[in-house]
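Participant: The working numbering puts the sequence shown at residues 2 to 145. Ideal Cβ positions, reconstructed from N, Cα and C, are used throughout, including at glycine. Just so it is clear, the structure is predicted and the values come from calculations on it, not from any experiment.
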Amino acid sequence: MRIAVQFLAGLLFGLGLVVSGMADPAKVLNFLDIAGTWDPSLAFVLAGATGTTFVGYRLVLARRRPLFAPAFQLPTATRIDGRLLAGAAIFGVGWGLAGFCPGPAVTSLALGAPGTLAFVPAMLVGIVAARALAAAPFLQPKTR
């Protein structure tokens with residue numbers, strides 16, 4: 002049952018990306034092109050997603066535990082550090098250059114959208130490289 006619910010949640014997310022236009026890199030790039038062919042429609046998508054998430058978290062976290070897990074798994078990190086800022090910057094530059102972020106890219110891959118056949122493998126290589134780099138001994142915090 003848990004896998005079926007996860008599948009349905011992913012399907013709903015993917016359909017939302019397609020309906021909202023966020024799976025179309027041209028629409029995303031037009032949203033980011035403030036000085037040119039700016040398309041403000043994704044601001045409304047982002048506002049709707051933010052509002053839905055705000056209300057959804059309040060409703061879900063009011064429960065003692067999730068429906069299909071023994072406990073909630075929420076992030077515990079609260080520190081803003083160089084690694085977080087660098088990751089956010091790389092993500093933003095990649096999104097701005099390609100018009101894709103991971104969710105819409107995988108959705109667009111399933112739709113056969115041009116560009117995804119290059120973007121998704123490059124994204125996967127980037128994920129593997131980032132994990133290897135994060136585990137590199139020279140990047141580990143020094144202990145006294």
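Using a Cβ-Cβ cut-off of 8 Å (strictly less than) and excluding sequence neighbours within five positions of Leu118, which residues of its own chain qualify?
Facilitator: Locating residue 118 in the sequence shown gives position 117, counting from the first residue. The residues are Leu110.
Participant: Please name the residue, chosen from Ala78, Gly11, Val20 and Ala27, that lies closest to Gly97 on a Cα-to-Cα basis.
Facilitator: Residue numbering aside, residue 97 sits at position 96 when the sequence shown is read from its first letter. Gly97 has its Cα closest to that of Ala27, out of Ala78, Gly11, Val20 and Ala27.
Participant: Around the Cβ of Gly11, are there at least 16 other Cβ atoms within 10 angstroms (buried) or fewer (exposed)?
Facilitator: Taking the sequence shown and counting its residues from 1, the one referred to as residue 11 is at position 10. It is exposed - the Cβ of Gly11 has fewer than 16 other Cβ atoms within 10 Å.
Participant: Report yes if the CB atom of Ala44 is closer than 9 Å to the CB atom of Phe32, and no otherwise.
Facilitator: Stepping through the sequence shown from its first residue, residue 44 is reached at position 43. Stepping through the sequence shown from its first residue, residue 32 is reached at position 31. Yes, the Cβ-Cβ distance between Ala44 and Phe32 is below 9 Å.
Participant: Expressed to the nearest angstrom, what Euclidean distance is found between the alpha-carbon atoms of Ala136 and Ala70?
Facilitator: Counting from one through the sequence shown, the residue named residue 136 turns up at place 135. Counting from one through the sequence shown, the residue named residue 70 turns up at place 69. Answer to the nearest angstrom: the Cα atoms are 29 Å apart.
Participant: Out of curiosity, what's the CA-to-CA distance linking Ala99 and Ala89?
Facilitator: On the sequence shown, residue 99 is found 98 positions in, with the first residue counted as 1. On the sequence shown, residue 89 is found 88 positions in, with the first residue counted as 1. Rounded to the nearest angstrom, the two C-alpha atoms are 15 Å apart.
Participant: Restricting to runs no shorter than 4 residues, where is the alpha helix (DSSP H) found entirely within the segment 9-74?
Facilitator: Correct list: 26-33 and 42-62.
Participant: Could you round the C-beta distance between Ser42 and Gly17 to whole angstroms and report it? I think they count as a contact, below 8 Å.
Facilitator: What you label residue 42 is simply residue 41 of the sequence shown in a count that begins at 1. What you label residue 17 is simply residue 16 of the sequence shown in a count that begins at 1. Not quite, the Cβ-Cβ distance comes to about 14 Å (not below 8 Å), so this is no contact.
Participant: Under 9 Å between the Cβ atoms of Val46 and Leu112?
Facilitator: Here residue 46 corresponds to residue number 45 of the sequence shown, with the count starting at 1. Here residue 112 corresponds to residue number 111 of the sequence shown, with the count starting at 1. No, they are not a contact pair.
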